[in-house]
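The block underneath contains the structure these notes are about, expressed in structure tokens.
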Amino acid sequence: MSHGRTGHWINHSQEHCLVGKKGLAKSASYEDCDIIVAEPTDSSRKPEELYQVIERMVPNGKKLEIFGRRHNLRAGWTTLGNQL
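Right, dumping it as structure tokens:
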């Protein structure tokens, strides 16, 4: 990553993604790494690779994005946010 976009004193170059499961939900694969390297995009826009990793992990499960915006809307996902 060339540089982040947030931070007042230092340049943040990472964001966190929380993955949770309810009950006995099973992951479809373990082929993905816990690091995604992607070029910075528009503010608050997540890398396409992030969605792909999650969709591979739970292809038939429910997926939730919180703090989403209009450009984060995606088929098969529930998106919550005050800017929708």
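In terms of the numbering used here, the sequence shown opens at residue 985 and continues consecutively. Glycine is no exception: its CB is placed at the ideal position from the N, C-alpha and C atoms.
In chain order, Thr-1062 place their CB closer than 6 Å to the CB of Leu-1048, counting only its own chain and leaving out the 5 sequence neighbours on each side. Contact between Phe-1051 and Gly-1065 is confirmed by a C-beta separation of about 5 Å, below the 8 Å threshold. Distance from the CA of His-1000 to the CA of Lys-1030, rounded to the nearest whole angstrom, comes to 11 Å.
Put simply, of Ile-1038, Leu-1057, Arg-1054 and Arg-1053 the residue whose alpha carbon is nearest the alpha carbon of Leu-1002 is Ile-1038. Beta-bridge pairing by DSSP links Leu-1048 to Thr-1062.
For Val-1037, the enclosing alpha helix (DSSP H) begins and ends at 1032-1041. When secondary structure is reduced to three states using DSSP, Arg-1054 falls in the helix class.
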